[in-house]
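Numbering-wise, the UniProt record's numbering puts 54 at position 54 of the sequence shown, and it's gapless, one number per residue.
All C-beta atoms in this analysis are idealised placements derived from N, C-alpha and C, irrespective of residue type, glycine included.
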Amino acid sequence: MRPANAGGAVIVDEVHRSLGKFVDRDIGYVDLPSLVLWALEELDRVSTERQDKSSDFLSSLKLHPQIAETKIAWLAKLFLLEPFFPVRSHDTLFHAMLLFSKHHRLNVIPVVESVNSSVDGFVTQNAVMELLLQSSGLEWLDKIADKQLSVFRFANASKPVLVYSDEIVAYAFGVLSKEKTGVAVIDRKTRRLIGMIQCSDVYLLLDDSSLFSNRKIMSAEEFVKLKNKDDKCSTEHSSESEGQSVPSLRSRVQQPVVTHRRSDTLKQAMENLAASGSSCSFIVDEQGHVEGVVAPRDIISVFSPPCMDSRIDGGTFFSAALEQAGCRVENGQIIRNT
Numbered sequence: 001m002r003p004a005n006a007g008g009a010v011i012v013d014e015v016h017r018s019l020g021k022f023v024d025r026d027i028g029y030v031d032l033p034s035l036v037l038w039a040l041e042e043l044d045r046v047s048t049e050r051q052d053k054s055s056d057f058l059s060s061l062k063l064h065p066q067i068a069e070t071k072i073a074w075l076a077k078l079f080l081l082e083p084f085f086p087v088r089s090h091d092t093l094f095h096a097m098l099l100f101s102k103h104h105r106l107n108v109i110p111v112v113e114s115v116n117s118s119v120d121g122f123v124t125q126n127a128v129m130e131l132l133l134q135s136s137g138l139e140w141l142d143k144i145a146d147k148q149l150s151v152f153r154f155a156n157a158s159k160p161v162l163v164y165s166d167e168i169v170a171y172a173f174g175v176l177s178k179e180k181t182g183v184a185v186i187d188r189k190t191r192r193l194i195g196m197i198q199c200s201d202v203y204l205l206l207d208d209s210s211l212f213s214n215r216k217i218m219s220a221e222e223f224v225k226l227k228n229k230d231d232k233c234s235t236e237h238s239s240e241s242e243g244q245s246v247p248s249l250r251s252r253v254q255q256p257v258v259t260h261r262r263s264d265t266l267k268q269a270m271e272n273l274a275a276s277g278s279s280c281s282f283i284v285d286e287q288g289h290v291e292g293v294v295a296p297r298d299i300i301s302v303f304s305p306p307c308m309d310s311r312i313d314g315g316t317f318f319s320a321a322l323e324q325a326g327c328r329v330e331n332g333q334i335i336r337n338t
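What follows is the structure, given as structure tokens:
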């Protein structure tokens, strides 16, 4: 996956020809950052300090075949694989929104032409937000998106994941592996937000052997500064990956960290997240203290049942999706047609 700059790959099972029409060939999706984070934890359990300093990530894996040769089937038992819930090219955006909002382990949705056909591409959560924003100016979207973040439940209930700036980056990656969401890096004295570490940052460990060997020495703040410097120089990778049909490991150039106030609107959060490609935005107060977090899935869920306001006439966008699902909306509730 690394040479292809792919952020993940579809897991394909061997299916006997006689059962091909009845058994799904594609059974899951493996995310490269999740594999790297898991391998880092395993290496920290078995590696000595001398070994860590003398090799890069992949070379270190080769020293420990019990980690490097782990089968994909075993990783599935550790819940490292995402479910395979594909959509077809003629399905509606609403269909993808339903999948993202109801399946919390789902980060990408494969696009196929028919059952057991090859995957043509992927729908990401940020892509869904970008498509939603194309309806900016229409009542059904603006009536929700123009509200302040403070009125939404996720802005008050979601607790951000924090690490201190002087803690080692190896610890931050351990937290990231467990939480699977962006980690806010804050100053220990002022408790102000100074940066973020997210899953997509693991490509730095693959590209920079010194970063891998110094992960138990380098602070989270030093890593954030290094990451921000690298992001400014990554325009090349961004342009190269624009035409890819798979999520890229090195995404488009990202802002150091995306932040919002509670008084900002949901649409502002959507626009900033879509533009940055970030996995989340942190809600901060006037002093820069982190109060909450907003992820693309939170935003998508706002526009998905049962949160959808049935009084808003969504036209063909909602009606076609509901009709396809054999449902209708009455008095704010979704009812299955009999």
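query = For the stretch 159-235, which segments carrying the alpha helix (DSSP H) assignment without a break, of at least 4 residues, lie completely within its bounds, in sequence order?
reply = For the stretch 159-235, the continuous alpha helix (DSSP H) assignments of 4+ residues that do not extend past its boundaries occur at 169-179, 203-207, 209-213 and 220-232, in sequence order.
ask   = With DSSP run on the structure shown, which of helix, strand or coil describes Gln268?
value = Helix at Gln268.
Neighbour-count burial assignment, Gln125, 16 or more Cβ in a 10 Å radius = By the neighbour-count criterion, in which a residue is buried when 16 or more other Cβ atoms sit within 10 angstroms of its Cβ, Gln125 is buried.
ask   = Could you give the C-beta distance for Ala4 and Val30, rounded to a whole number, given that I count them as a contact under 8 Å?
value = The beta-carbon distance between Ala4 and Val30, rounded to whole angstroms, is 14 Å. This is too long to meet the 8 Å contact definition.
request  = For Glu14, name the three-state secondary structure that DSSP assigns.
outcome  = Three-state DSSP puts Glu14 in coil, outside helix and strand.
task = Under 6 Å Cβ to Cβ from Ser279, same chain only, skipping five residues before and after it: list those, please.
result = Within the same chain, Ser279 has close Cβ partners Gly182 and Gln198.
message = With the cut-off set at 8 Å, would you say Ile67 and Leu32 are in Cβ contact?
response = Between Ile67 and Leu32, the gap from beta carbon to beta carbon reaches 8 Å or more.
ask   = With 16 as the cutoff for other CB atoms within 10 Å, does Arg105 come out buried or exposed?
value = Burial call: exposed.
query = Do the stretch 278-294 and the stretch 79-96 meet, that is, are 3 or more Cβ pairs less than 8 Å apart?
reply = Counting Cβ pairs under 8 Å, fewer than three are found: no touch.
request  = Just tell me which of Val293, Val163 and Met270 has its CA closest to the CA of Ser136.
outcome  = Taking Ser136 as reference, the option from Val293, Val163 and Met270 with the minimal CA-CA separation is Met270.
message = Using the three-state DSSP reduction, which class does Leu98 fall into: helix, strand or coil?
response = Looking at Leu98 - three-state DSSP - the assignment turns out to be helix.
Beta-carbon spacing of Val300, Val293 below 8 Å = One detail in the question is off: residue 300 reads as Ile in this sequence, not Val. Their beta carbons are not under 8 Å apart, which means Ile300 does not touch Val293 by this criterion.
query = Ile186: which of Ala220, His260, Asp91 and Ser304 sits nearest, CA to CA?
reply = Here the closest residue by C-alpha is Ala220.
request  = Can you say whether Arg297 is buried or exposed, counting buried as having 16 or more other CB atoms within 10 angstroms of its CB?
outcome  = With 16 or more other Cβ atoms within 10 Å, it is buried.
task = Leaving out five residues on either side along the sequence, give the residues of the same chain with a beta carbon under 6 Å from the beta carbon of Arg192.
result = Within the same chain, and ignoring the five residues on either side of Arg192 in sequence, the residues whose Cβ sits closer than 6 Å to its Cβ are Gly288.
key: Within 8 Å, strictly: CB atoms of Ala76 and Gly7   = No. Outside cutoff.
key: Residues that DSSP places opposite Glu82 in a beta bridge   = Glu82 is bridged by DSSP to Tyr29.
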